[in-house]
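Novice: To start, I am sharing the structure in question, which I have written as structure tokens.
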Amino acid sequence: MLIQNLALYEDKYYIYVNQENDPLFYFFDYDVRTADINMQFQHFHTFYELCVVLCPTATHFLQGKPYALQTFDIVGIPPNVLHMTQYPEGEPCKRLIIRFNLPRMGSGLSNEYEQLLSVFHQEAPVFRFAPELRSRLYRKLNDIFLLAPKTDPMRSLILHQKFIEFLTLLFLHQDENEYTGEADMTPTEQKIYAVAAYIHAHYAEPLSLDFLSQQFFISSCYLSHQFKNITGFTLTDYIQMTKVRNVQSILLNTRMPITDAALSCGFTSFSQFNRVFQKHIGMAPSQYRKQHRTLSAEE
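Residue numbers for the sequence shown, in this note's numbering: 8 to 306.
So, in structure tokens, the structure goes:
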């Protein structure tokens, strides 16, 4: 299926190159999402991710801040950044998710690879381009779509090369990004999402309903009610989940002792941390690290 004469797409079409723990890894996921299976809370990955929107509207959250999306927008998500996409009621939304790792390059190319990935670390890594450039970018993705079924012995290398061409084009033309970050929200929604973004930026600090209500000049009762109404979470649960997600990232990506990880994310009591982690994740932190950590034994 060719969407608006630009993007090739097929439901439940997957492209794999290696596994997500490998130094070089690609997973292209062509699929649909609907409002009834929107994620409850923001999540993170240990790899890079691109969310390519192929439906009229959606909203992407990065560290609690909402970004309004439209067809052919591209969201760049670095590792270990909390995010989620919300899709509207109505028709299923087509989208392409690209998850990938690039190997650490040796002498000669390491700086270039770092620059390619720098586009993911912008304050608002959402890209919207004029038609001509957008067409050039999507031709690279369409090449990958068409090359994937081939049994050529160089298939994986060619897919990698095409994706590097895509990233290079994105990097070279990032200054032509037309995305303005606009989101159609009421003043109350703007205020609540500003509170959510503040929590993500200051999760390691003491946070409470009273403190945040003073910080944003609104009553604690109003904040409590509207936060639950708009995000679906109580303020306390949202603060706890943000802290827990950041502890999870530390447990997966470092050798930091669990007690230090808890302290670094704002938990002042280890017994409280264990209780909160168990409540939201369903297992003890030590068990989580043992089951999910990605560092190899020799690292």
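Every residue gets a Cβ at the ideal spot worked out from N, C-alpha and C, and that includes glycine.
#1: Compute the distance between the beta-carbons of residue 86 and residue 128, then report whether it is under 7 Å.
#2: Determine the contact status of residue 100 and residue 75, defining contact as a CB-CB distance below 7 Å.
#3: Residue ranges of each alpha helix (DSSP H) run of no fewer than 4 residues wholly in the segment 95-127, ordered along the chain?
#4: Taking the alpha carbon of residue 39 as the reference point, which residue from 63, 25, 49 has its own alpha carbon closest?
#5: Do residue 21 and residue 43 count as a contact pair if the criterion is CB distance below 7 Å?
#6: If you drop the 5 nearest sequence neighbours on each side, which residues of the same chain put their C-beta closer than 8 Å to that of residue 13?
#7: Report the option in 120, 49, 260 whose CA atom is closest to the CA atom of residue 297.
#8: Per the DSSP calculation, residue 151 is bridged to which residue(s)?
#9: Flag residue 133 as yes when its Cβ comes closer than 6 Å to any non-hydrogen atom of the ligand SAH, and as no otherwise.
#10: To the nearest whole angstrom, what separates the beta carbons of residue 133 and residue 102, a pair I think is in contact under 8 Å?
#11: Could you tell me the alpha carbon to alpha carbon distance between residue 272 and residue 32, rounded to whole angstroms?
#12: Out of curiosity, what's the CA-to-CA distance linking residue 170 and residue 148?
Specialist: Reading off the structure:
#1: no
#2: no
#3: 117-125
#4: 63
#5: no
#6: 79, 141, 142, 145
#7: 260
#8: Paired residues: none, contrary to the question.
#9: This structure simply doesn't include the ligand SAH, nor any ligand for that matter.
#10: Not quite, the Cβ-Cβ distance comes to about 14 Å (not below 8 Å), so this is no contact.
#11: 30 Å
#12: 7 Å
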